[in-house]
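Accompanying notes for the structure given below.
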Amino acid sequence: MEESQQSPGARTASTCSAATARGTHVFKITDYSLHKGMGSRKFIRSATFAVGGYDWCVRYYPDDGKGEPAVYLELLTKNAKVRALFQFVLIDQVTGTTSFSIRLVRPDVFSSMEGDKNNHLGGESLMSHSKLEKEESGYLRDDCIVIQCDVTVLNEPQVVSVAPEIQVPPSTFLNNLGKLLETGEDADVTLDVKGDIVPAHKIILAMQSPVFRAELYGPMRVNTSGKSITVEDMEPDVFKMLLTYIYTDSLPTMDDLEGDDKEEMIKHLLVAADSTNSL
Numbered sequence: 001m002e003e004s005q006q007s008p009g010a011r012t013a014s015t016c017s018a019a020t021a022r023g024t025h026v027f028k029i030t031d032y033s034l035h036k037g038m039g040s041r042k043f044i045r046s047a048t049f050a051v052g053g054y055d056w057c058v059r060y061y062p063d064d065g066k067g068e069p070a071v072y073l074e075l076l077t078k079n080a081k082v083r084a085l086f087q088f089v090l091i092d093q094v095t096g097t098t099s100f101s102i103r104l105v106r107p108d109v110f111s112s113m114e115g116d117k118n119n120h121l122g123g124e125s126l127m128s129h130s131k132l133e134k135e136e137s138g139y140l141r142d143d144c145i146v147i148q149c150d151v152t153v154l155n156e157p158q159v160v161s162v163a164p165e166i167q168v169p170p171s172t173f174l175n176n177l178g179k180l181l182e183t184g185e186d187a188d189v190t191l192d193v194k195g196d197i198v199p200a201h202k203i204i205l206a207m208q209s210p211v212f213r214a215e216l217y218g219p220m221r222v223n224t225s226g227k228s229i230t231v232e233d234m235e236p237d238v239f240k241m242l243l244t245y246i247y248t249d250s251l252p253t254m255d256d257l258e259g260d261d262k263e264e265m266i267k268h269l270l271v272a273a274d275s276t277n278s279l
């Protein structure tokens, strides 16, 4: 019993990419000195801002557990779970540069679901009060500090189907034209080159050479039938090589020619191509 031949299985592909939304909120806190001493559990909220379809705010604690300023990112949207990254930086109000930042390097889940307590994350100090209050510090100006919060929300990954690559076989068009010239099949015109009769195809000659097009179809047509053309001032071997170029867009090999003979043939070919305008 012959074994049945199995055709190769279909191959498909898809691409998965993280769907992210990014946003930045700048929180300016005035009366810095008056907020000090509020207590470790007291905080000031920024205005609400939206990123990724969710509402957020910045919590600024003038005094964390160690008596230093701290910042948190808070999810305000109710009954939501969101994977997100964030970064806090202090803005130098003199140079416009930023301080050492607080970052959530890996995505974490903010949850405002009932019973969950991680709707806000952060808690580190951007800079101590002593550093902020140094005379040369650009971060505290006119009793004001500026905190920038960058938020990246990670939504559900997007999976996109990738169309399978179709392997297109190389074109055989020029090879087929070369065979048509070689066999002379369905030739509808002959070319007389010093008594050497060469069959050819009018449409191909006309397509590749304006001179042949005029002789075969235009007012330069040499006879009423248009089935024969006499080629003047050209050797048969040169013309046949030119005809190969007209049909296949390439020249045949000239391995049988060497040195001066090869160079002379190339010169004759250039003259022939110029006379038929087939370059």
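Per UniProt numbering, residue 1 is the first one in the sequence shown, and the count goes up by one each step.
Note that the Cβ used here is the ideal one computed from N, Cα and C, for glycine as well.
Bear in mind that the values here come from a model prediction, so they are computed numbers and not experimental data.
**Q.** Closest residue to K202 among G195, K194, T190 and D196 (Cα-Cα distance)
**A.** Answer by Cα proximity: T190.
Q. Excluding the five sequence neighbours on either side, which residues of its own chain have a C-beta within less than 8 angstroms of the C-beta of P252, listed in chain order?
A. These residues qualify, in order along the chain: M241 and T244.
Q) Considering only residues of the stretch 116-140, which uninterrupted alpha helix (DSSP H) runs meet the minimum length of 4 residues and lie entirely inside it, listed in chain order? A) Fully enclosed alpha helix (DSSP H) runs of 4 or longer: 129-132.
Q. Within the chosen definition, does the stretch 137-154 reach the stretch 15-34 through at least 3 CB pairs nearer than 8 angstroms?
A. At 8 angstroms Cβ cutoff, the stretches touch.
Q | According to DSSP, residues forming a beta bridge with I197 | A | Paired residues: D192.
Q | Secondary structure of G53, DSSP reduced to three states | A | In this structure, DSSP gives G53 a state outside helix and strand, which the three-state scheme calls coil.
(Q) Please report the distance separating the alpha-carbon of S278 from that of D249. (A) Roughly 10 angstroms separates the two Cα atoms.
Q | Residue span of the alpha helix (DSSP H) that contains V211, given as start and end | A | Annotation for V211: the continuous alpha helix (DSSP H) segment containing it runs P210 to Y217.
**Q.** Pick from K194, M254, D256 and D260 that is closest to I229, judged by C-alpha positions
**A.** The option with the nearest alpha carbon to I229 is K194.
(Q) Does E2 pass the burial test, meaning 16 or more other C-beta atoms within 10 Å, or should it be called exposed? (A) Because E2 carries a pLDDT of 44, less than 50, the predicted location of this residue cannot be relied on, and the following value inherits that uncertainty. Exposed.
Q.
For P120 and M38, what's the separation of their Cα atoms in angstroms?
A. Residue identity differs from the one stated: residue 120 is His in this sequence, not Pro. H120 and M38 have their alpha carbons spaced roughly 20 angstroms apart.
(Q) Helix, strand or coil, according to DSSP, for A47 in the structure here? (A) Coil, per DSSP.
Q. Quick one, are the C-beta atoms of L73 and G122 less than 7 angstroms apart?
A. The answer is yes: Cβ separation under 7 angstroms.
**Q.** Candidates A200, L177, L180 and K179, of which the one nearest residue 291 by Cα
**A.** The question about residue 291 has no answer here: the residues shown for the chain are numbered 1 through 279.
Q. Is DSSP giving L251 helix, strand or coil here?
A. Judged by DSSP in its simplified three-state form, L251 adopts coil rather than helix or strand.
Q) What three-state label does DSSP hand I145 in the structure shown? A) In the structure shown, I145 adopts extended strand secondary structure according to DSSP, grouped into three states.
Q) Taking the C-alpha atoms as reference points, what is the distance between G52 and R41? A) Taking C-alpha positions only, G52 is separated from R41 by approximately 29 angstroms.
Q) Candidates S46, T48 and V89: which alpha carbon is nearest R103's? A) Checking every option, the nearest Cα to that of R103 belongs to V89.
(Q) Using only the alpha-carbon positions, how far apart do A80 and V160 sit? (A) Straight-line Cα distance between these residues: approximately 26 angstroms.
Q | With 16 other Cβ atoms within 10 Å as the buried cut-off, status of C149 | A | Answer is buried; the Cβ neighbour count reaches 16.
Q.
For I29, report the span of its beta strand (DSSP E) as first-last.
A. According to the DSSP assignment, I29 belongs to the beta strand (DSSP E) that extends over T20 to T30.
(Q) Alpha carbons only, please: which of Y60, L181, K131 and V162 is nearest the one belonging to T15? (A) T15 has its Cα closest to that of V162, out of Y60, L181, K131 and V162.
Q: From the DSSP output, in three-state form, read off E263 for me.
A: Helix.
Q: Taking 8 angstroms as the threshold, find out whether the stretch 21-33 comes into contact with the stretch 163-181 through three or more Cβ pairs.
A: Taking a cut-off of 8 angstroms on C-beta distances, the stretch 21-33 does not touch the stretch 163-181, as fewer than three cross pairs fall below it.
Q) To the nearest angstrom, how far is it from the Cα of K131 to the Cα of S137? A) Each residue's Cα considered, the two are about 7 angstroms apart.
Q. For Y32, which residues of its own chain have a beta-carbon under 7 angstroms away from its beta-carbon, when the five flanking residues on both sides are left out?
A. Around Y32, the same chain offers L140, D143, C144 and I145 as residues with beta carbons nearer than 7 angstroms, after the five sequence neighbours per side are excluded.
**Q.** Status (buried if at least 16 other CB within 10 Å, exposed otherwise) for Q208
**A.** Per the 10 Å Cβ criterion, buried.
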